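Structure first, then comments.
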DNA sequence: GATTTTGATTGTTGTTACAATAATCAAATG
DNA sequence: CATTTGATTATTGTAACAACAATCAAAATC
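Protein chains in written order, with our numbering: chain R, 489 to 696; chain H, 489 to 696.
Take a look at the structure:
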C-alpha cells in the first residue's frame, strides 16, 4: 500500500545542494579532447596537481596514506663505466682499468622515483649554477628545501628556478645565479603567492 | 520541382571517407575532464606536442612505406612523471622546449651503451659550455667528431675536454669555453700526439 | 529541546552523443 | 585526362547524460 505524500522530510531548501569545489580537483572542471598517446602523461600531471592541492588544503602527511602515486619507473638498469679523467699516460683502454666506478645516470640522478619529475630550464637566470636553457632539472618533491638549495618555486602562478636564501628581515629570498645582474632577486612578500614545489637535486643535458 | 537521382557523380565508394590520423594530433583522441585552472597549461603542452609531431612528420614519411606507423624505435620503457613548466603569462611564444614527456635520463643521455662512458669534469675550462667540476660528461666513442663538437681528446698523454675547431691553417684546434682567458686554446701541431677519444654528447650532475 | 532520518536539490565526473567541419574517394562529367 | 560531384568517414569541440556525492533543513524520533 502506497500513500503519496505521506511523509516528506525533504523538499526545497534554500542553499541546499552540493557545494562547489567539493570534487576531486576542488575547483570547476571542463572537458577537453587530447591525443590518446598523451593521456597517461596528462593524468600523471593532474594527479600530481591534485596531490599538491590536497597537501595545501589539509597539510597532512599523504605519504603514509599512499593514495596518490606517480607511475613507477620501469627502468632498465645501465651500468656504464665512469672514468677518472686523470688517467695516467700510456694507453688506457675504457674496457680495462682506470674505471672509477660504474653508474647508471637514472639511478645516479633519481632518489625517489615517485617524487621526482623533470623541468626544462628556460632562460639564463641560473647559468652560474651550470643550468643552461634546455637543460633538464631533476626536481625532488620529497626533499625539504633548505637555505642554499636550488628550488623550483611557483611565484604568482609562474614557475621559476632559483636559489633559496633568506633576507636580513627573515623573509625568503629567491636568488638568480647570473653575475650579469640581468636577473633580479625575488623578495617574497606577504601578499605574494609563493610555493616551493621541490628541490633541484640534479640536472642533465644533451649536446648532440 | 525536384527530380531525384538526376545526376549522381558521388555515391558509395569503397575505402572512401576521411582517413585516420588526418586530424590535428595525427592520432586518435579522447575526451577527459580537467580542472579549469590547468587548461592553459595542458593546451600549451598539447600545442607544443602537435608541433613536434609535425616536425617529425618529414622524417616519418621518408621511410614509412606501409600504413601509418610511428617509428617505435624506443619502445624501451621510458618513464618518469611529466612536468610542463608553464609559459609565463603575457608571453604567447610556443612552448616547444618546455615539453617533457616521460623521460628516462639514461635513455635520454645514452645512445649506444657499448660505446659510451662517463668522465668526471675537472677544472673550469669548459664552464661556458655548462660543464662544472664534478659534472659527469657522457662520451660517445662511436660518433665522428665534427667541428664545433665538444670532444674528449688525449693530448700528449693527458685527457682534456675541449671544443673542436679548426685553425686558419687547417690544423685542429681545441678550444676551452671560458671567457676568463685563463685557459688557452691548444693548437695541434704535427709533432703532438693527439687522439680524439670521443664526442661529449651530454652531461649530468647532482646538486644535493 | 536535541538528535537522527529523510528526500529534494545541486555539484561532480566519466562517458556518450551530436553537429559542424574536414578529408577522401571514385564515378560521372566535360 | 582533368575536374566536378556527392556520398562517406574521421575529427573535434561541446552539449548532454547518468550515476554518484554532498548538502540542506523539515520532519520524525528520542
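We put the CB at the ideal spot given by N, CA and C, even for glycine.
If you're wondering where the values come from, they're calculated on a predicted model, not measured in any experiment.
Within chain R, partners of residue i - CB distance below 8 Å
| i | result |
| --- | --- |
| residue 525/H | 515 |
| residue 597/H | 593, 692 and 694 |
| residue 537/H | 523 and 526 |
| residue 530/H | 520, 522, 530 and 533 |
Cross-chain neighbours of residue i in chain H, by beta carbon under 9 Å
| i | result |
| --- | --- |
| residue 510/R | Here the premise fails: no neighbours, minimum Cβ distance about 13 Å. |
| residue 662/R | Correct list: empty, because the minimum Cβ distance to chain H is about 15 Å. |
| residue 669/R | None at all; the shortest Cβ gap to chain H is about 16 Å. |
Within chain R, partners of residue i - CB distance below 7 Å
| i | result |
| --- | --- |
| residue 690/H | 692, 693, 694 and 695 |
| residue 687/H | 696 |
With 16 other Cβ atoms within 10 Å as the buried cut-off, status of residue i
| i | result |
| --- | --- |
| residue 670/R | exposed |
| residue 512/R | exposed |
| residue 677/R | exposed |
| residue 644/H | exposed |
| residue 635/H | exposed |
| residue 505/H | exposed |
| residue 518/H | exposed |
| residue 610/R | buried |
| residue 672/H | exposed |
| residue 549/R | Residue placement at residue 549/R is poorly supported in this model, since its pLDDT is 25, which falls under 50; the coordinates still yield a value, given next. Looking at its Cβ environment, which holds fewer than 16 other Cβ atoms inside 10 Å, residue 549/R is exposed. |
| residue 675/R | exposed |
| residue 604/H | buried |
| residue 618/H | buried |
| residue 508/R | exposed |
| residue 633/H | buried |
| residue 651/H | buried |
DSSP bridge partner residues for residue i (one or two, in chain order)
| i | result |
| --- | --- |
| residue 503/R | Beta-bridge pairing links residue 503/R to no other residue. |
| residue 523/H | 517/R |
| residue 692/R | 624/R and 692/H |
| residue 660/H | 654/H |
| residue 646/H | 643/H |
| residue 608/H | 624/H |
| residue 686/R | 640/R |
| residue 675/H | 661/H |
| residue 702/H | As displayed, chain H neither begins before 489 nor continues past 696, which places residue 702/H out of reach and without an answer. |
Closest Cα partner of residue i within the set the options
| i | options | result |
| --- | --- | --- |
| residue 649/H | 677/H, 620/H and 667/H | 620/H |
| residue 613/H | 605/H, 622/H and 695/H | 622/H |
| residue 693/R | 640/R, 593/R and 660/R | 593/R |
| residue 640/H | 509/H, 618/H, 682/H and 666/H | 682/H |
| residue 516/H | 516/R, 522/R and 514/R | 522/R |
| residue 615/H | 642/H, 661/H and 667/H | 667/H |
| residue 607/H | 510/H, 526/H, 509/H and 647/H | 647/H |
| residue 524/H | 690/R, 695/R, 527/R and 520/R | 520/R |
| residue 624/R | 633/H, 534/H, 531/H and 691/H | 691/H |
| residue 695/H | 663/R, 638/R and 531/R | 638/R |
| residue 534/H | 531/R, 652/R, 526/R and 535/R | 526/R |
| residue 680/H | 642/H, 663/H and 503/H | 642/H |
| residue 514/R | 530/R, 537/R and 528/R | 537/R |
Proximal chain R residues relative to residue i, where beta-carbon distance stays under 9 Å
| i | result |
| --- | --- |
| residue 518/H | 521, 522, 523, 524 and 527 |
| residue 620/H | 617 and 618 |
Beta-carbon neighbours of residue i, restricted to chain H and to distances below 7 Å
| i | result |
| --- | --- |
| residue 637/R | 696 |
Sufficient close CB pairs (3 or more, under 8 Å) joining the region 592 to 600 of chain R to the region 647 to 662 of chain R = No, the region 592 to 600 of chain R does not touch the region 647 to 662 of chain R.
Counting pairs of beta carbons, one from the region 623 to 643 of chain R and one from the region 680 to 687 of chain H, are three or more of them closer than 8 Å?
-> At 8 Å Cβ cutoff, the stretches do not touch.
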